[in-house]
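S.K.: Residue numbers (the working numbering), protein chains in the order written: chain A, 3 to 396; chain B, 183 to 562.
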């Protein structure tokens, strides 16, 4: 058959462009900082996940460099063969201690953790029960299994219990998966209640705490510590790529979990391990969280101030309980206009529109940063107020 | 792109309601005598006005309608200047025949959508002419609105119309149902499924990138549901499978290679069709022969009925024999957005109570994918 084997590349890309669905990459000319230069313009950064500004922390940078100098630029292998360094083991030991779990395992990324581990936890004859708003990496992990799947209404433990009740009779293993902090609304899953109901029905619990790690719980120890249920969630998955300011995924739980995960996760087994510079930075980030509580405190002080002022101006900030504060404006076009206006005024915050969120709930999603000063926040707030009024949002 | 919208108002729709006539079919004079006033023209006008308030200069619509109260007046009153009048009713007292005649004109004009104002009776009249060739959208104004083509309110209808014109809504199945009014006035409750029209529905979205989504077609979803049912039939190869009525079930059956009855209940055993369009008696005799059975249902009509509307042959005796745990409900996820509750009205208090105790059902929304949906047994 005569065919152009790669014609679809251009056709599909053109279609994305036509529908305005293509990614237009924004280029940072500085590091990811509270004040960044994006596409040549200095802006207050309100859309990075670098919540604690640790990517710019002097000690973390130094220890990263020291590790590179001492152990080299790369690790030379996958973890399972010859790529496990003493440094990797040290990070895992310290992380488990920090999170109050028996053990932990570092993955190359958070996505690698979800897509590598979830398919191993359930198979044919099992069921995975998910919150309807779970992150795409969980969805992909679930897609790789042969297990049945059920979804429950967002954060609705009553509905989850109904699914568990139904599943109890039919399946061997039951796995309940939820995000810890939901990245669109900034709300927190009721993990204590989820664990209670899961225990009652003999179900395993798995939380993706990517946006909670380093942010919620005492000293940013994550969702287990936030609810005082350390060690009770079967799998606490998280990331070093957001508040920790580095890169990498993590899983914390029992030694049995770690033994199982490292022997069975294909993503872990088949990807090169983190370079020493990454592992050194991870270790230093844990150290900073343990010894410098001011970063988490600043993040929350900033968050509370910013939310309060936005509300006082008359903005709808939804039900967020975390440093992710949505500014809900209604129609998608309005959210895009507001985002463009903010950028022109020196504030970088991206719009989130339908179908990511409901049609009448398009929004600007802001993510707070511990490194922003009161002056920075007032600058951003002033721009929100000015544009909110001119666009008739407030 | 210019959208061609056919617009027809049944000016007498809904008149029977306020005077307790449970419908206006064939009893207009009686309704008028009892003091009933027309309500449809006002509702139609309201909807058009709200629709226009949502439009921008980008939205281009070509209106086709009938003279006078059957559409022309309402469009003019709402402020639309360019109107194509395709039909003029000869008598001032319009009838179902006028609705049908106007639809014949809409077919000729090849309109993209028929927007109508009326109730189940009007939907039936329109469906009898256009079948599933043109999608329908109903402004709710009748006494009975069991069909799946109506917006919930005039305002919701205006919004749907605007989204259809903007191509953010898509075309899907919608059941045309009606109560037999003569039998109802004599105390008999008999809602029949008349056919599967095209309605406008919310598409189902899947996430493809971090913030980008693709809508997937109704048929892709139905293909997934088919795969699920195939697995189910393989896993229970000693079960009799009963295929209920409606577009979704019909699609699944056809994909499997079974010549199914769109509006009836069929029986399949070991992939062979062994009973077609079965009545209660036929179903019971098969259930006596095959001790294990499952029935596949999909919510019918706007109100999400799985039992008691349009499938009365699945009587309490039949359902008891099959067992509540052997009911498999399938639905496109987008349909569940507009039908957040499943309803059951078997006519048997004890059985209804058993459903009520269940509180919810797991509804299959994709291949090996289900979600919990609340169950209600209250009557309408």
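Positions of the beta carbon are idealized from the N, C-alpha and C atoms, including for glycine.
Where does residue 461(B) fall in DSSP's three states?
M.R.: coil
S.K.: Give a yes or no on contact between the stretch 427-439 of chain B and the stretch 461-477 of chain B, applying the rule of three or more CB pairs nearer than 8 Å.
M.R.: Judged by pairs of C-beta atoms under 8 Å, the stretch 427-439 of chain B does not touch the stretch 461-477 of chain B, as fewer than three such pairs exist.
S.K.: How close, in whole Å, do the beta carbons of residue 204(A) and residue 176(A) come, if the pair is a contact with beta carbons under 8 Å?
M.R.: 7 Å
S.K.: DSSP three-state label for residue 266(B), please.
M.R.: strand
S.K.: CB-CB under 8 Å to residue 93(A), same chain, minus the five flanking residues each way: which ones, in chain order?
M.R.: 108, 281, 284, 285, 288
S.K.: Straight-line CA distance for residue 385(B) to residue 351(B)?
M.R.: The straight-line gap from Cα to Cα measures roughly 6 Å.
S.K.: Distance, Cα to Cα, residue 44(A) vs residue 318(A)?
M.R.: 27 Å
S.K.: In the DSSP assignment, find the beta strand (DSSP E) that holds residue 245(B) and state where it starts and stops.
M.R.: 242-248 is the extent of the beta strand (DSSP E) around residue 245(B).
S.K.: Just to check my reading of the structure: residue 445(B) and residue 473(B) have Cβ atoms closer than 8 Å, yes? What is that Cβ distance to the nearest angstrom?
M.R.: Actually they do not touch by this definition, with Cβ atoms about 28 Å apart.
S.K.: Between which two residues does the alpha helix (DSSP H) containing residue 104(A) stretch?
M.R.: Segment: none, residue 104(A) is in no alpha helix (DSSP H) and carries neither H nor E.
S.K.: Alpha carbon to alpha carbon, how far is residue 262(A) from residue 271(A)?
M.R.: 12 Å
S.K.: So, at 8 Å on beta carbons, what are the nonlocal neighbours of residue 420(B) in its own chain, with the 5 sequence-adjacent residues on each side left out?
M.R.: These residues qualify, in order along the chain: 474.
S.K.: Look up residue 328(B) in the DSSP assignment and give the residues it is bridged to.
M.R.: Its beta-bridge partners do not exist; DSSP assigns none.
S.K.: Could you tell me how far apart the beta carbons of residue 40(A) and residue 48(A) are, in whole angstroms, since I believe they sit closer than 8 Å?
M.R.: Residue 40(A) to residue 48(A), Cβ: 11 Å. No contact.
S.K.: Answer yes or no: do residue 550(B) and residue 150(A) have a C-beta to C-beta separation smaller than 8 Å?
M.R.: The answer is yes: Cβ separation under 8 Å.
S.K.: Give a yes or no on whether the minimum CB-CB distance between residue 632(B) and chain A is below 8 Å.
M.R.: Because residue 632(B) is not part of the residues shown, which for chain B are 183 to 562, the question remains open.
S.K.: What three-state label does DSSP hand residue 285(B) in the structure shown?
M.R.: helix
S.K.: Tell me, which residues are paired with residue 386(B) by DSSP?
M.R.: BP columns for residue 386(B) point to 398(B).
S.K.: How about residue 217(A) and residue 200(A): do their beta carbons lie closer than 8 Å?
M.R.: no
S.K.: For residue 501(B), is the classification buried or exposed, using 16 other Cβ atoms within 10 angstroms of its Cβ as the cut-off for buried?
M.R.: buried
S.K.: Let's test the definition: count the other Cβ atoms within 10 Å of the Cβ of residue 269(B) and tell me whether it reaches 16, buried, or not, exposed.
M.R.: buried
S.K.: Does the stretch 289-304 of chain B come close enough to the stretch 312-322 of chain B to have 3 or more Cβ pairs within less than 8 Å?
M.R.: yes
S.K.: With DSSP run on the structure shown, which of helix, strand or coil describes residue 206(A)?
M.R.: strand
S.K.: Take residue 540(B) as the anchor and find which of 53(A), 196(A), 207(A), 163(A) has the nearest alpha-carbon.
M.R.: Ranking the options by Cα distance to residue 540(B), first place goes to 163(A).
S.K.: Considering only heavy atoms of the ligand GDP, does any lie closer than 7 Å to the CB of residue 343(A)?
M.R.: For the structure depicted, the ligand GDP is absent and the ligand set is empty, with no information on it obtainable.
S.K.: Determine whether the beta carbon atoms of residue 309(B) and residue 257(B) lie at a separation below 8 Å.
M.R.: no
S.K.: Could you name the residues of the same chain whose beta carbon sits closer than 6 Å to that of residue 498(B), not counting the 5 residues immediately before and after it, in chain order?
M.R.: 528, 530, 533
S.K.: Determine the chain B residues that contact residue 164(A) at a beta-carbon separation under 8 Å, and present them in chain order.
M.R.: By Cβ distance, chain B contributes 541, 542, 554.
S.K.: Please tell me whether residue 561(B) has its Cβ less than 8 Å away from any Cβ of chain A.
M.R.: Reliability fails at residue 561(B), whose pLDDT of 48 lies under 50, so the model's placement of it is uncertain and no value is given.
S.K.: I'd like to confirm the pairing. Which residues does DSSP put opposite residue 476(B) in its beta bridges?
M.R.: Residue 476(B) pairs with 423(B).
S.K.: Given a cut-off of 8 Å, decide if residue 191(A) and residue 137(A) are closer than it, judged by their beta-carbon atoms.
M.R.: no
S.K.: Quick check: the Cα distance between residue 476(B) and residue 237(B), rounded to an integer number of angstroms?
M.R.: A direct Cα-to-Cα measurement between residue 476(B) and residue 237(B) gives close to 48 Å.
S.K.: For residue 197(B) and residue 304(B), what's the separation of their Cα atoms in angstroms?
M.R.: 13 Å
S.K.: Our contact map puts residue 86(A) next to residue 120(A) with C-beta atoms below 8 Å; I'd like the distance itself, whole angstroms only.
M.R.: Their Cβ separation, rounded to whole angstroms, is 23 Å, which puts residue 86(A) and residue 120(A) out of contact at 8 Å.
S.K.: Quick one: using the 10 Å Cβ neighbour count with 16 as the cut-off for buried, is residue 457(B) buried or exposed?
M.R.: buried
S.K.: Given this structure, state the Cα-to-Cα distance separating residue 38(A) from residue 82(A), to the nearest angstrom.
M.R.: 39 Å
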